[in-house]
Each structure stands twice: as C-alpha cells, then as structure tokens.
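The block underneath contains the structure these notes are about, expressed in structure tokens.
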Amino acid sequence: MKIFGVDIGGSGIKGAPVDLDRGDLAEERFKVLTPHPATPDAVADGVRDVIGHFGWTGPVGITFPGVVTGGSTIRTAANVDKAWIDTDARALLGERLGGLPVTVLNDADAAGVAEMEFGAGKGRRGTVILLTLGTGIGSALFIDGELVPNTELGHLELNGHEAEKRASTKAKDDNELTWEHWARRVTKYLAHLEMLFSPELFIIGGGVSRKADKFLPLIEDIKAEIVPAQLQNNAGIVGAAMRAAQLAQ
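Each residue of the sequence shown is one higher than the one before, counting from -18 in the numbering used here.
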C-alpha cells in the first residue's frame, strides 16, 4: 500500500510516496526550501509543489513543526511564522491541494511513530523518547509503545535557555561548535530528560542521525541506551503516511 507523506521543516519541505508494507519511501523524495517568512499560504504552496512533482491524487499525511490538536489546529509555531497559530491546517492544506484528503500531525510524533513501527524502537517497551535534532528539537514520547502526543520537550529550559537554542544542530552550526563541544550540550540535555522521565531508550533522529558516529560516542554518563534513528531524516515522511493511511481506512 502506498500513501503520500510530507514533512514540513524549518529549512525544507520534503515528501514522497511511502510503501507502508516496507516502511520506506517508494520513490526518491522531492524537496523545496521552506519559504521565509514561512506563512501558512507560502508553506501551503510549497506542499502543493512537492505533491505536484509526483502527480499524486490520493490521501496525504503532513507533518508540522509544532503542536497539532485534533489532527488539524496548530497551537504553536516555534520555527515557522506565528501566523500559523490557531490555523486550521487540514482545511488550508486540503483546499490548496484541490480537495485531497489531508491528515496533519506533529513532525516529531510522526518520526517517532515510524521508528517505533519500522525502525530503532520496533518491539521496545517501557519509556522511549525520540528526539529530532535539526532547526529545533522535536520530541516523541512513548509508554509501552503508545504515543503521548505533542510533548515539545525541545522547549524545556536548559542552562537558562530553551534546550533547542543550545543543543539543536542549528545551534551547533550557528555557533560553529565542534562535535565535542556540541556533544557536551546534548549530554546535558539528555541528562535533564533522563531525570524527568527515566527512559529505557533515546532514539536520536533528524538529519544529524546520518553522522551519529561523530557525536554519539562522545555522550557519556547517560543510563538509557542511545541509538540513531534507523529511518534517519525520512522518518517524518513515513510516519505522516502511516497516520494518513490509518484515517483513510
């Protein structure tokens, strides 16, 4: 079964048809840059361009980098334009896509759902936290395989700042941090999460998961197991398609 997934990020909008039997992209993904300012209308145009590239005409799952309630309403917008707040994203995107059935969910939740079904979290019980390190920090919290949606743990305070302002890959790049320096910041963040939630497993996702060998060995004194996301930066696309398929049944 194939369903289309789109992942809206702070820097790019990417998507592809997903083979839900394999939990992988059915075709090479297509990406456009996230517009700036990332207003609802401008981002919706980008989503339309991604889907139009494939000529897709079926259900679409779409992630959003913020809290999404009821599969539709945007409640926060940390790394896109604040005009998104209180927007009915399902209605806006559905209209822009010519009436295609649209499902919207938090981006890290989508990545987490995919990793728990097809990736590093498959078969894992207890408390699992997936983190997407990128423009910000997204989080997905699972208790015995069940998602606790919209946790947004990247906005916890860390050393007097939002955690994502200290430990995201954008913070690494903006401050020209070495892998060693950045790993120390990530370690402090993981230690804070461990104190709050006592997880058995951390899954590190986002684009930086492709370079896990450069920083995961530098993270020390964390009791939980720490592994890179197996679906890497495609997890959000796969998870969005999974949610769309569930609601299309």
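A virtual CB, placed ideally from N, CA and C, is assigned to each residue, including glycine.
This structure is a prediction, so every number in the text was calculated from the model and none was measured.
* Asked: Are the CB atoms of W163 and K153 nearer to each other than 8 Å?
  -> yes
* **Touching by the beta-carbon criterion (3+ pairs, under 8 Å), the segment -12 to 1 and the segment 208 to 226** => These segments touch.
* **Nearest-angstrom Cα separation, counted from A172 out to T54** => 32 Å
* To do: Express the C-alpha separation of G47 and E143 in angstroms, rounding to a whole number.
  => 15 Å
* Keeping to the same chain, check which residues put their C-beta closer than 7 Å to that of K146; ignore five residues upstream and five downstream. => A152
* Kindly list the residues whose CB is nearer than 7 Å to the CB of A58, restricted to its own chain and excluding five residues on each side of it in sequence; keep chain order. => Excluding positions up to five away in sequence, the list reads G47, W65 and I66.
* **Proximity winner among G(-4), A19, L112 and D5, relative to G36 (alpha-carbon distances)** => The closest CA to that of G36, considering only G(-4), A19, L112 and D5, is found on G(-4).
* Are the beta-carbon atoms of P(-2) and I110 separated by less than 8 Å? -> no
* What are the partner residues of V108, as DSSP defines its beta bridges? -> Correcting the residue type first, residue 108 is Thr in the shown sequence and not Val. DSSP output for T108 lists I124 as bridge partner(s).
* To do: Indicate whether the contact test is met: 3 or more Cβ pairs, each with one atom in the segment 94 to 103 and one in the segment 200 to 212, closer than 8 Å.
  => yes
* For L114, write down the residues that DSSP places opposite it in a beta bridge. => I118
* Since P21 and L73 are thought to touch, with beta carbons under 8 Å apart, how far apart are those beta carbons, to the nearest angstrom? -> 6 Å
* Asked: Could you give the C-beta distance for D0 and K(-17), rounded to a whole number, given that I count them as a contact under 8 Å?
  -> 6 Å
* Asked: Mind checking R10: buried by the 16 CB within 10 Å criterion, or exposed?
  -> buried
* Whole angstroms is fine: what's the gap from L122's alpha carbon to G80's? => 32 Å
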